[in-house]
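Note that the working numbering numbers the sequence shown so that position 130 is 180, with each residue one more than the last.
We treat Cβ as the ideally placed atom computed from N, Cα and C, and that holds for glycine.
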Amino acid sequence: MPEKRRIEDMEKNKLIEAKKGERKILCSKKESEILTKKDVCISSDSESDISKQEDRASELEETRILKPIADTDLIGINDFVLVKFLKKNIVSHYVGRVEAVYGSIDFDVQFLRKKDGQSSTSKDSKSFFYPDVKDTSQISQNEIVAKLPLPDIDGTTLRTASQITFNVDMSNYIVK
């Protein structure tokens, strides 16, 4: 009888160990969007596996490439957009927030300014702020290059909370 019980205990332990390796944990929405179909978020006892997955997910998130806007993309009030301006044969791009929509082809946009001292290649080149004097303009849909994702509001103080950061790569554009 003790031999039979020992064998049953060994089989139970094998099943428990097998289930530990297969146990899945819920991933946050951002992680699940970043992971490919082959990737699965599996829990493990070692924290190094989890930190490696988080590092890879954060790298993928940081290098998100800005996609040009398609005709099917709807732009609404409070959406952030990248707008192209041609001035003296030089193309410049500005980040703005849509304040009003006129017939889905014309927009009132309030523009943001890039944080001082940033080159287009610096890591902080994704940070913007609203200027003291409101800068608005009416633009048409063909001047909009891309619809930006929702920004991150940085900081905990009033001064630093006014900084708006977009987690997209805008290095292909001359953003001012």
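| said: Rounded to whole angstroms, what is the Cα-Cα separation between SER154 and GLN191? | reply: Pairing SER154 with GLN191, the inter-Cα distance amounts to about 8 Å.
| request: Could you pull the start and end residues of the beta strand (DSSP E) that GLY153 belongs to? | output: Annotation for GLY153: no beta strand (DSSP E) segment contains it, and DSSP assigns it neither H nor E.
| query | Buried or exposed: where does ALA150 fall if 16 or more other Cβ atoms within 10 Å of its Cβ makes it buried? | reply | So ALA150 counts as exposed.
| field | Element boundaries [beta strand (DSSP E), containing THR241] | value | Outside the shown range of the chain, which is 51 to 226, sits residue 241, and nothing can be said about it.
| query | Whose C-alpha, out of GLU67, LEU124, LYS134 and ARG55, is nearest the C-alpha of MET220? | reply | MET220 has its Cα closest to that of LYS134, out of GLU67, LEU124, LYS134 and ARG55.
| query | Does the beta-carbon distance from PHE179 to ILE214 come in below 8 Å? | reply | At a Cβ-Cβ threshold of 8 Å, PHE179 and ILE214 count as neighbours.
| request: For the beta strand (DSSP E) containing VAL195, list its first residue and its last residue. | output: For VAL195, the enclosing beta strand (DSSP E) covers residues 194-198.
| request: Closer than 7 Å by C-beta to SER212: which residues in its own chain qualify, once you throw out the five before and the five after it? Chain order, please. | output: Residues PHE179 and TYR180 of the same chain have their beta carbon placed closer than 7 Å to that of SER212, with the five preceding and five following residues left out of the count.
| query | Hey, ASN128 and VAL159 are a contact pair by Cβ (cut 8 Å); roughly how many whole angstroms apart? | reply | Their Cβ separation, rounded to whole angstroms, is 11 Å, which puts ASN128 and VAL159 out of contact at 8 Å.
| query | Assuming VAL131 contacts ALA196 under a Cβ cut-off of 8 Å, what Cβ separation, rounded to an integer in Å, is found between them? | reply | A Cβ-Cβ separation of about 7 Å places VAL131 in contact with ALA196 under the 8 Å criterion.
| message | Can you give me the C-alpha to C-alpha distance between LYS176 and LEU200, rounded to a whole angstrom? | response | When rounded, the distance between both Cα atoms is 13 Å.
| query | Do you know how far the Cα of GLU67 is from the Cα of LYS54? | reply | Cα to Cα, LYS54 sits roughly 20 Å from GLU67.
| field | Span of the beta strand (DSSP E), counted from its first residue to its last, around LEU124 | value | Boundaries cannot be given for LEU124, as no beta strand (DSSP E) includes it and DSSP labels it neither H nor E.
| query | Under the three-state reduction of DSSP, which class applies to LYS134: helix, strand or coil? | reply | DSSP places LYS134 in strand when its eight states are reduced to three.
| query | Between the C-alpha atoms of ILE224 and LEU136, what's the straight-line distance to the nearest angstrom? | reply | When rounded, the separation of the alpha-carbon atoms in ILE224 and LEU136 is 11 Å.
| field | Nearest to LEU124 (by Cα), restricted to the options ILE203, TYR152 and VAL218 | value | For LEU124, the nearest C-alpha among the options comes from TYR152.
| said: Quick check on LYS164: buried or exposed, where buried means 16 or more other Cβ atoms within 10 Å of its Cβ? | reply: Buried, since its Cβ has 16 or more Cβ neighbours within 10 Å.
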